[in-house]
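Residue numbering for the sequence shown follows UniProt numbering, starting at 1 and increasing by one per position.
In this text, a Cβ means the ideal position worked out from N, Cα and C, and glycines have one as well.
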Amino acid sequence: MQFLGRILDTVSSVSNLFSNPYRVRDVQLSEYNGKVRLKQEGRMLLYRNTSSQSWDCVLLLPDSASTALRLFQVASEEDAMNWFPQYSLKLRPFYETLRPPLKPETLQQIVDCLRNHPDWSSAHIAVETGLRDCLKHNYVLSQMNVRDAQGQTPLHIACERSEAACVRELLEECQARTDIKDKNGDTPMHCAAKQDSAAIVEVLCSQMCAGINEVNMAGETPLHVACRLGKVETAKALMGGGASCDIIGGAGYPIHTAMKYSARGCAEAILASNPAQLQAEDPVYGGTPLHWAKTAEMSRLLLDRECSVNYLSKTGESPLHILTKRGRFEAAMTLLTHEADPNIKGEGGNTALHLAMKLDHMDLIKALIVFGADVEIHNDLGETPGLIAARTSKGEGRTSVLSLFNRRKLCLFHLSFYSLSRSLSLYLSLSLFLSLSLSLYLYLYLSLSLSLSLRVMVTSVLADRHPGELHIFRNYEPPALTRDPPYASTATFKPLTIPEEQLVWRAARSSGAAPTYFRPMGRFLDGGLLANNPTLDAMTEIHHYNRALKNQGGGDEGVCKLGVVVSLGTGKPPQVVVNSVDVFRPSNPLELAKSFVGVKELGKMLVDCCTDSDGCAVDRARAWCEMTDINYHRLSPQLSVEVMLDEVSDAVLVDMLWETQMYLYENRETIQTLSQQLLQP
Numbered sequence: 001m002q003f004l005g006r007i008l009d010t011v012s013s014v015s016n017l018f019s020n021p022y023r024v025r026d027v028q029l030s031e032y033n034g035k036v037r038l039k040q041e042g043r044m045l046l047y048r049n050t051s052s053q054s055w056d057c058v059l060l061l062p063d064s065a066s067t068a069l070r071l072f073q074v075a076s077e078e079d080a081m082n083w084f085p086q087y088s089l090k091l092r093p094f095y096e097t098l099r100p101p102l103k104p105e106t107l108q109q110i111v112d113c114l115r116n117h118p119d120w121s122s123a124h125i126a127v128e129t130g131l132r133d134c135l136k137h138n139y140v141l142s143q144m145n146v147r148d149a150q151g152q153t154p155l156h157i158a159c160e161r162s163e164a165a166c167v168r169e170l171l172e173e174c175q176a177r178t179d180i181k182d183k184n185g186d187t188p189m190h191c192a193a194k195q196d197s198a199a200i201v202e203v204l205c206s207q208m209c210a211g212i213n214e215v216n217m218a219g220e221t222p223l224h225v226a227c228r229l230g231k232v233e234t235a236k237a238l239m240g241g242g243a244s245c246d247i248i249g250g251a252g253y254p255i256h257t258a259m260k261y262s263a264r265g266c267a268e269a270i271l272a273s274n275p276a277q278l279q280a281e282d283p284v285y286g287g288t289p290l291h292w293a294k295t296a297e298m299s300r301l302l303l304d305r306e307c308s309v310n311y312l313s314k315t316g317e318s319p320l321h322i323l324t325k326r327g328r329f330e331a332a333m334t335l336l337t338h339e340a341d342p343n344i345k346g347e348g349g350n351t352a353l354h355l356a357m358k359l360d361h362m363d364l365i366k367a368l369i370v371f372g373a374d375v376e377i378h379n380d381l382g383e384t385p386g387l388i389a390a391r392t393s394k395g396e397g398r399t400s401v402l403s404l405f406n407r408r409k410l411c412l413f414h415l416s417f418y419s420l421s422r423s424l425s426l427y428l429s430l431s432l433f434l435s436l437s438l439s440l441y442l443y444l445y446l447s448l449s450l451s452l453s454l455r456v457m458v459t460s461v462l463a464d465r466h467p468g469e470l471h472i473f474r475n476y477e478p479p480a481l482t483r484d485p486p487y488a489s490t491a492t493f494k495p496l497t498i499p500e501e502q503l504v505w506r507a508a509r510s511s512g513a514a515p516t517y518f519r520p521m522g523r524f525l526d527g528g529l530l531a532n533n534p535t536l537d538a539m540t541e542i543h544h545y546n547r548a549l550k551n552q553g554g555g556d557e558g559v560c561k562l563g564v565v566v567s568l569g570t571g572k573p574p575q576v577v578v579n580s581v582d583v584f585r586p587s588n589p590l591e592l593a594k595s596f597v598g599v600k601e602l603g604k605m606l607v608d609c610c611t612d613s614d615g616c617a618v619d620r621a622r623a624w625c626e627m628t629d630i631n632y633h634r635l636s637p638q639l640s641v642e643v644m645l646d647e648v649s650d651a652v653l654v655d656m657l658w659e660t661q662m663y664l665y666e667n668r669e670t671i672q673t674l675s676q677q678l679l680q681p
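Structure representation (structure tokens):
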């Protein structure tokens, strides 16, 4: 039996070697009776187990004379001699400080940390394992500012672990230094800047941290680091603790880092702390934060604070040049909608359009041209965007790009309008399309408001009755004609506001109250429900107005005969196939699905018929004008896709504007004729 017991012990010892030789286990001291004791340091013993050919490290427990903790059992003498000195030296503060009984899982955590980081001191291990009671040991205190192989002190480790209480103890009771740098030049404050919590930074700043504005080997202060990683609360704590926004790093100021990594919160915090950073130039390129912006959101952040949108860097490039080079369409669109000049020459005399053509980026090319880029401007090599287009442009857009570049500019001056029939937004749209500045638009608008001869009509629908009724808001007295009401009323309705008391914004809001998109404006809905193409309604109104003047006995005096009717559309959607409009009572699941499809298509068709502005409405208006010998022009481009009213995609909207410009170019002769007719007295 004794022989079998030895065999079982040997098998158990060998199996332990193959499982985990460094696992901490409870063992009986009697197992080592007769074993060779090789070394002893304090309460740690190293035995040679000849029966299992292993070397065992055992820790004696002061509260037990019969049991101990085996810290490792290795099969190599070299491993045993390597680890035993480190165990005996670095574990002493722990087994002398920790209250008995020592548990295997506690020691396991310590020895794992020791083996994974053999360059760490006992102070490093105490911080990593969270055994803060051991920090009071004299040997640990003596190693408080010792650096590991990476140059980090225990304070670096505590900051990386976001242990605010530990950091406070290291600073207040252990005299840990805050100015020691690791091999990357990082101070503990750099490590704290990488964390999500601002608590570590606040603790460090409370002790007059010396490293708050130190620059590491990567050219970053802690504030640069926080901006690079998007740590908003940490960045705020750094600035609150004395971090400067004016320290130049390798890539510029912290604001440039925040823009480069799209850290919106950090950028907002910096600008709130130091508004002068809005125009700060980086030391390499002389670029402002807007030059470093990568997204539309970050660009708007700066533009809303009135930064210079056309500021030139040391290389002579505007932010639009940089975004075009990088192919960042959405951000470039944001700049263009904030009056960025697409014709500024940058490096090599290239405009943004030159750069877009070299990239063959069709979306950017369209956007730049739509926003007024000059297609005939030369760079320093004498190249125009058109020449670059001929050499580099490919794909479906090649023909349209070249045809547009080869055109001559078409200019329309001094257009006179008799009436605006759909809404006031029509005039705004025309002004924006003609690239009128805001100040010029305001001047024209105020001039027109003083012109008593301009009569404005805005359509809307009275939705407080059934059937609904078309209503026209006017800036003049309505025609005084006696007419029968369209329907016999069984109710009394509230009187309508007279023109002199009608607010313009309420009329415009009533005309644009499209159902499902906007709430009704009181009792008014969008005029497009009954007059989405109000040409005939405007002609009828003019006819009634002239008749009223004649009935007043004035003869033809004051009567304005129509000479030209210009109908402007918002674009025609492509005609597509409809699968089914059959709505019926289904008898099986398949027919139910077909009926649902029919309901959807029929509903869409009803909306299209109700709001149609390009089909029969145009034919009727043209026929009426031809019968009365009035010049009629309908301008509405054919679009490649249907653009919804709530469309927000820049690419889709730019394509729509591009197709509109192409339409104007293709119909330039018609527009020239129209301009001549409008300029006739």
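Spatially closest choice to residue i from the options, by CA coordinates
i, options, result
"proline 62", "Ala272, Gly528, Lys103 and Asn116", "Lys103"
"asparagine 667", "Ser636, Gln677, Glu647 and Leu657", "Ser636"
"leucine 529", "Val24, Ala269, Phe473 and Gly468", "Gly468"
"aspartate 196", "Leu131, Leu229, Leu71 and Glu96", "Leu229"
"proline 21", "Asn184, His256 and Ser52", "Ser52"
"valine 641", "Val654, His338, His633 and Lys90", "Val654"
"aspartate 26", "Ala68, His633 and Glu281", "Ala68"
"glutamate 96", "Ser244, Val140 and Tyr261", "Val140"
"alanine 199", "Thr459, Ser142 and Lys236", "Lys236"
"serine 329", "Met662, Val652 and Ile110", "The amino acid at residue 329 is misidentified as serine; the sequence shows phenylalanine. Closest option to phenylalanine 329, Cα to Cα, is Val652."
"glycine 286", "Ala389, Asp537 and Tyr253", "Tyr253"
"serine 64", "Glu78, Glu41, Leu29 and Glu77", "Leu29"
"threonine 570", "Ser511, Ser613 and Arg585", "Ser613"
Any chain C beta carbon closer than 8 Å to residue i
i, result
"alanine 548", "Judged by its chain identifiers, the structure shown contains no chain C, having just a single protein chain."
Spatial distance of residue i from residue j (CA atoms)
i, j, result
"leucine 312", "alanine 623", "56 Å"
"glutamine 279", "serine 273", "14 Å"
"glutamine 672", "valine 565", "15 Å"
"alanine 352", "histidine 321", "5 Å"
"methionine 362", "leucine 381", "23 Å"
"leucine 679", "lysine 561", "16 Å"
"lysine 345", "threonine 384", "12 Å"
"leucine 335", "glycine 327", "13 Å"
"lysine 194", "serine 88", "35 Å"
"valine 146", "alanine 276", "41 Å"
"serine 419", "leucine 454", "Note that serine 419 scores a pLDDT of 45, beneath 50, so its modelled location is shaky and nothing firm can be said."
"methionine 644", "histidine 471", "25 Å"
"leucine 592", "glutamate 601", "14 Å"
"leucine 664", "glutamate 541", "30 Å"
"alanine 267", "cysteine 227", "8 Å"
"threonine 611", "valine 309", "40 Å"
"arginine 305", "threonine 660", "33 Å"
"leucine 590", "methionine 605", "23 Å"
"alanine 263", "aspartate 182", "26 Å"
"serine 421", "glycine 527", "Residue placement at serine 421 is flagged as unreliable, the pLDDT there being 41, under the threshold of 50; a coordinate-derived value is accordingly withheld."
Cβ-Cβ distance between residue i and residue j below 8 Å
i, j, result
"alanine 356", "methionine 333", "no"
"alanine 211", "aspartate 179", "For clarity, residue 211 is glycine in the given sequence; the question names alanine instead. Yes. Within cutoff."
"cysteine 174", "methionine 208", "no"
"alanine 176", "leucine 204", "no"
"leucine 657", "valine 370", "yes"
"leucine 60", "arginine 48", "no"
"glycine 598", "valine 577", "no"
"proline 495", "glutamate 477", "no"
"glycine 185", "asparagine 216", "yes"
"glycine 289", "isoleucine 248", "The sequence given here has proline at residue 289, not glycine. The answer is no: Cβ separation not under 8 Å."
"valine 24", "glutamine 86", "no"
"histidine 633", "serine 587", "no"
Whole-Å CB distance - residue i paired with residue j, under 8 Å assumed
i, j, result
"asparagine 475", "valine 456", "5 Å"
"isoleucine 157", "glutamate 128", "6 Å"
"phenylalanine 94", "cysteine 57", "The Cβ separation is near 14 Å, so there is no contact."
"asparagine 631", "glutamine 677", "6 Å"
"leucine 525", "alanine 463", "4 Å"
"asparagine 533", "alanine 617", "4 Å"
For this session: May I have a chain-ordered list of the alpha helix (DSSP H) segments no shorter than 4 residues that lie completely inside the segment 267-302?
Result: Within the segment 267-302, the complete alpha helix (DSSP H) runs of at least 4 residues are 289-292.
For this session: Please specify which runs of the alpha helix (DSSP H), each continuous and at least 4 residues long, are wholly inside the segment 508-565, giving them in chain order.
Result: Annotation note: the segment 508-565 contains the following uninterrupted alpha helix (DSSP H) runs of length 4 or greater, listed N- to C-terminal: 528-531 and 535-549.
Problem set entry | Residue ranges of each alpha helix (DSSP H) within the segment 63-108, 4 or longer | Those alpha helix (DSSP H) runs which fall completely within the segment 63-108 and span 4+ residues are 77-90 and 92-97.
Exercise. Can you list, in chain order, the stretches of the alpha helix (DSSP H) that have 4 or more residues and sit fully within the segment 188-269?
Worked result: Here the runs fully enclosed are 188-193, 199-206, 222-229, 232-240 and 254-260.
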